[in-house]
Amino acid sequence: MIKLNNIHKSYQTGNNSLHVLKGINLEVNAGEMVAVMGSSGSGKSTLLNIIGLLDVHDQGDYYLDGNLIKGMNETKAALLRNKFLGFVFQSFNLISFKNAVENVALPLYYQGVSRRKRNKIAMEYLDRVGLLPWADHLPNELSGGQKQRLAIARSLIGNPKVILADEPTGALDSVTSSEVMDLFQEINQSGITLIIVTHENDIAHKTQRIIKLHDGLIDTDHKNGRTKIETNAVFAI
Amino acid sequence: MFDRDRWQEIWSSLAKNKVRTLLTAFGVFWGIFMLMIMLGSGNGLQNGVTHGMKDIASNSVFMWTRPTTEPYKGLPRNRRFYYRNEDIKALKDNIEELDIISPRLEGGGRRSGDNVVYKQNAGAFSIYGDYPQWNLIDPCEIISGRFINELDIENARKVAVIGERVYEILFEKEEDPLGKYIRINGVYFQVVGVFKPKNANMNFGGDKEQSIHLPFTTLQKAYNYGNIVGWFALTSKGNLPVSIVEEKATKLLKERHKVAPNDNRAIGSFNLDKEFRQMTGLFAGIRGLIWVVGIGTLLAGVIGISNIMLVIVKERTKEIGIMRALGASPAKVIAQIVTESVVLTTVAGYAGLVAGVFLMELVDKNLPAPTAQDTMFLHPVIDFQVAVMSLLIIVVSGVLAGLIPARRAVSIKPIDALRYE
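If you read the protein sequences in the order shown, they are chains U and D.
If you read the first sequence in my numbering, its first letter stands for residue 1, the second for the next number, and so on.
If you read the second sequence in my numbering, its first letter stands for residue 238, the second for the next number, and so on.
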């Protein structure tokens, strides 16, 4: 599903060049649930952004679902994000003036689905994350856990192949974090590839594979033995 | 265009800071409002002035004689001369561009007191000897009877067509003047018509309502003018400029009356067409100035909109980043922001347009009805086409105002937009 060959990325800040990714080689298969760990500044978010087509790499080859991503314009990237990828952010990133249904339906809006149809689909996804009674509420009327579940519903509605989550539990307490991770596992079981950036060990251990980054390079990459759904992991490989 | 999400977004971003939005919109409102007021006033001025010139044949030239200023062919300078009946035929025969020729001779007596008498009533009126063609140069409305005709000229009939005011002074109320005889400078004339001038602003000597038209030939004979012609009114054919006629007639008349070719004073002339053109040019200038100032004011408003849109886009950077992460293409983002700008500009501009038009209509309604004389301001309204064009300008400027902020919004990488706080 995702294949990275020798990916480099550096940022220019004034005269200084900050080399963040120093040659990442990584392959993530369809249906995998991967945690990316690392200390801050190790480049884990940058890696996620490059995979999510929100940022562009400087060097190396990136294949998404077999397609080489290179010199892509924003319009094409937007289309791919919309069709292939779902995003979940630490700070939820919900649109404040749209209610729960509208927020969930937003990716379909950009696909040009009619309002009636996309809201109907959005209701199904809201139901799936247990937020149906809150359909008409605005984001600021929801709790943190509810917001993140809303964001997950939004990431799912476009039927993506990969969901990218950047510290999805970073703003949540441990109980809701656990709920969110359960939801992610459920999603993963339906066959969607998940890449979760986190620095919390217990979160990472709920995935099947943990990749540790250190200073822009992959430090360790091992299968997680303690994952609850080992069978699925075997199936994925 | 008519999808709810787009309008919801526009509304939410404009309503976030209502005072700011309102103040910005006011800039455009004021620009269009001022433009409408100025255009309306310009129209009012033009209508007022053209009303003063209405119904007179605008392509006419009037020519009279003055003492010569150059000696020529043995004749001294400062010589007085008169046009003659023969000049009428000569002008007709030699100037092919000539359309109407109406010679006129002015009868005297008005300045020395009451020159017209009917029964016990008397008054001082202007007396003109005219051809029927005069009515084509300076048309009048015949209230009763008729104007002078060809038979009057041919037979030098002693008939008179009197002005409305003349009738009021000489005759009793309700009295039928037709067929009655009035005494003009000692000679009796039968009244055959009463007229009212269509244009009371342009006068040739006295007040037209207080004037009497006699057949040209009759006036010459009755008061011993011989074959003298006072002055000519000439018009040109079709769309030809009357200055051609003026030029040719001047040359011809100079030749016929032994006036030095370089004597520019001897033949007096007044070219109405030229005056008209000057006036038209003046108004075109005023109109141009109005547009320049109006567009300038509007531009200031539009720049304000653009500025505020930039601020809004900056404030919404993160939101736009989220939308782009979820698959909003740059084109979609640009369309959204441009629509927002167009909506803001159009609503404000349209309000200004309506307010301006409404105010001008109000002024028009309360303006005193145009009296015959001295109307300088009339119907200060805005043409429909101008209003439509202004609306078009508003929409286009809204698009332009939105483009810069929209480009700014998509020029940031989505990830930078997402990180923006």
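No residue lacks a Cβ here, since even glycine has one placed at the ideal position from N, Cα and C.
Residue i CB to nearest heavy atom of the ligand SAM below 8 Å
i: VAL428(D); result: Looking at this structure, you won't find the ligand SAM or any other ligand, since it has none at all.
Same chain, Cβ closer than 6 Å to residue i, five either side skipped, listed in chain order
i: GLU577(D); result: ILE247
i: ALA397(D); result: PHE426, VAL428, ILE449, LEU451
i: ARG561(D); result: PRO651
i: VAL600(D); result: PRO617
i: ASN386(D); result: PRO369
i: HIS19(U); result: SER10
i: ILE523(D); result: GLY279
i: SER155(U); result: GLY86, PHE87, VAL88, ILE163
i: ILE196(U); result: ALA35, ALA165
i: ILE549(D); result: SER250
Cβ neighbour criterion (16 or more within 10 Å) applied to residue i
i: ALA521(D); result: exposed
i: ASN16(U); result: exposed
i: GLU102(U); result: buried
i: ASN501(D); result: exposed
i: LYS70(U); result: exposed
i: ALA537(D); result: exposed
i: TYR418(D); result: exposed
i: ASP510(D); result: buried
i: LYS44(U); result: buried
i: LEU629(D); result: exposed
i: ASN93(U); result: buried
i: SER634(D); result: buried
i: GLY52(U); result: buried
i: VAL529(D); result: exposed
Residue i - containing alpha helix (DSSP H), residue span
i: ARG241(D); result: 241 to 252
i: TYR62(U); result: It is not in any alpha helix (DSSP H) - TYR62(U) instead sits in the beta strand (DSSP E) that spans 59 to 64.
i: ASP351(D); result: From DSSP, ASP351(D) is part of no alpha helix (DSSP H); its letter is neither H nor E.
i: THR534(D); result: 509 to 552
i: ASN603(D); result: 567 to 603
i: GLU323(D); result: 322 to 331
i: GLU391(D); result: 387 to 392
Residues of its chain near residue i, where Cβ-Cβ distance is below 8 Å and the 5 sequence neighbours each way are ignored
i: LYS228(U); result: Only weak support exists for where LYS228(U) lies, its pLDDT of 43 falling under 50; the value from the coordinates is given anyway. Cβ within range, chain order: GLN185, LYS206.
i: ILE95(U); result: GLU102, ASN103, LEU106, PRO139
i: LEU388(D); result: ARG394
i: THR46(U); result: LYS9, VAL20, LEU21, ASP55
i: GLN146(U); result: LEU131, TRP134
i: SER40(U); result: HIS199
Same chain, Cβ closer than 7 Å to residue i, five either side skipped, listed in chain order
i: ALA393(D); result: PRO452, THR454, THR455, LYS458
i: GLU598(D); result: VAL618
i: GLU483(D); result: VAL298, SER506, ASN508
i: MET215(U); result: Before going further, note that residue 215(U) is Asp rather than Met in the sequence given. Closer than 7 Å at Cβ, skipping near neighbours: SER42.
Coarse secondary structure for residue i, derived from DSSP in three states
i: PRO139(U); result: helix
i: TYR110(U); result: helix
i: GLN427(D); result: strand
i: SER627(D); result: helix
i: HIS199(U); result: coil
i: VAL56(U); result: coil
i: LEU282(D); result: helix
i: LYS3(U); result: strand
i: THR455(D); result: helix
i: PRO133(U); result: helix
i: GLN622(D); result: helix
i: PHE97(U); result: coil
i: ALA437(D); result: coil
i: GLN148(U); result: helix
i: ASP500(D); result: coil
i: ASN358(D); result: strand
i: MET300(D); result: strand
i: MET290(D); result: coil
Integer-rounded CB distance, given that residue j should sit under 8 Å from residue i
i: ILE374(D); j: SER297(D); result: 6 Å
i: VAL424(D); j: LYS395(D); result: 7 Å
i: SER543(D); j: ALA638(D); result: 4 Å
i: MET273(D); j: GLY593(D); result: 3 Å
i: ALA497(D); j: TYR309(D); result: 4 Å
i: GLY31(U); j: THR193(U); result: 6 Å
Extent of the continuous beta strand (DSSP E) to which residue i belongs
i: SER381(D); result: 377 to 382
i: ARG314(D); result: Segment: none, ARG314(D) is in no beta strand (DSSP E) and carries neither H nor E.
i: SER473(D); result: 468 to 473
i: ALA165(U); result: 162 to 166
i: THR220(U); result: 217 to 223
i: ARG341(D); result: 335 to 344
i: ASN25(U); result: 16 to 28
i: ARG493(D); result: Where ARG493(D) is concerned, there is no enclosing beta strand (DSSP E), although the alpha helix (DSSP H) it sits in stretches over 479 to 493.
i: ILE364(D); result: 363 to 367
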